[in-house]
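For the sequence shown, position 25 matches number 51 in the numbering used here, and the numbering has no gaps at all. Yeah, the Cβ is synthetic: ideal placement off N, Cα and C, and Gly gets one too. No experiment lies behind these values; they were computed from the predicted model shown.
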Amino acid sequence: MTEQELKNNDLSQEKESLMAVADIKYITPENGVFRRTAGNLVALTFRGMGENGADLECPRVLLHRSFPFTMPMEYLSVQDTEFNEIGMIRDLRAFDEQTQALLTQELERKYFCPEIVRVLSVKERFSYSYWEVETSAGAVEFAVHDTFRNIIRAGNNRVLILDVDGNRYNITDTDQLDAQSLRKIEMYL
């Protein structure tokens, strides 16, 4: 083979590889049936997606939002327990009410994120900050490591805070906080 033929062959293989990665299988009401299992998990029957066109039975699936802040009910990745994508739900609202309720409940459980309504105190020690706050779920104390890296601005005035245990806390609009709360966190914003 000439050098040009080798380059063309490499480009062709790269293109095929990229196309395989981008091959998204969409789960629709016509080809996907979600159900709650006896163990309170979510299972999926993906019609025609198994070997030789058989139904693919997934005894447990996990849902992940591709765009959690801007499109929370669109482009939902459905994955197996090893985080391999089975398919994508383009828009959850295309499904019947029962399926929407089941999957919404699962998403709310996974993305549970109490709203901080008041900051009582923030103290720093040895690259950790210790927070006492009032949230929509009650009073909470939590620690944040490397505070500046774990406070994420998610829009104009929206802030997401990640604690050391992986929990998320949300401030929808910093302008809605009382003046004392805002003063306690303004250095992090």
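Give me the Cα-Cα distance between residue i and residue j, rounded to the nearest whole angstrom.
| i | j | result |
| --- | --- | --- |
| residue 96 | residue 203 | 22 Å |
| residue 164 | residue 75 | 45 Å |
| residue 201 | residue 83 | 48 Å |
| residue 136 | residue 90 | 9 Å |
| residue 71 | residue 153 | 47 Å |
| residue 215 | residue 55 | 43 Å |
| residue 67 | residue 86 | 6 Å |
| residue 77 | residue 51 | 15 Å |
| residue 73 | residue 113 | 12 Å |
| residue 64 | residue 125 | 16 Å |
Cα-Cα, which of the options is closest to residue i?
| i | options | result |
| --- | --- | --- |
| residue 192 | 119, 81, 171, 109 | 171 |
| residue 168 | 183, 155, 49 | 155 |
| residue 106 | 178, 69, 138 | 69 |
Mapping the DSSP letters down to three states, classify residue i as helix, strand or coil.
| i | result |
| --- | --- |
| residue 207 | helix |
| residue 134 | helix |
| residue 163 | coil |
| residue 44 | The pLDDT assigned to residue 44 is 49, lower than 50, so where the model puts this residue is not dependable, and the model offers no usable value. |
Report the residue ranges of all beta strand (DSSP E) runs contained in full by the region 46 to 94; include only those spanning at least 3 residues, in chain order. 58 to 62, 68 to 72, 82 to 84, 88 to 91
Of all the alpha helix (DSSP H) runs that stay within the bounds of the region 92 to 157, which reach a length of 4 or more residues? 123 to 136
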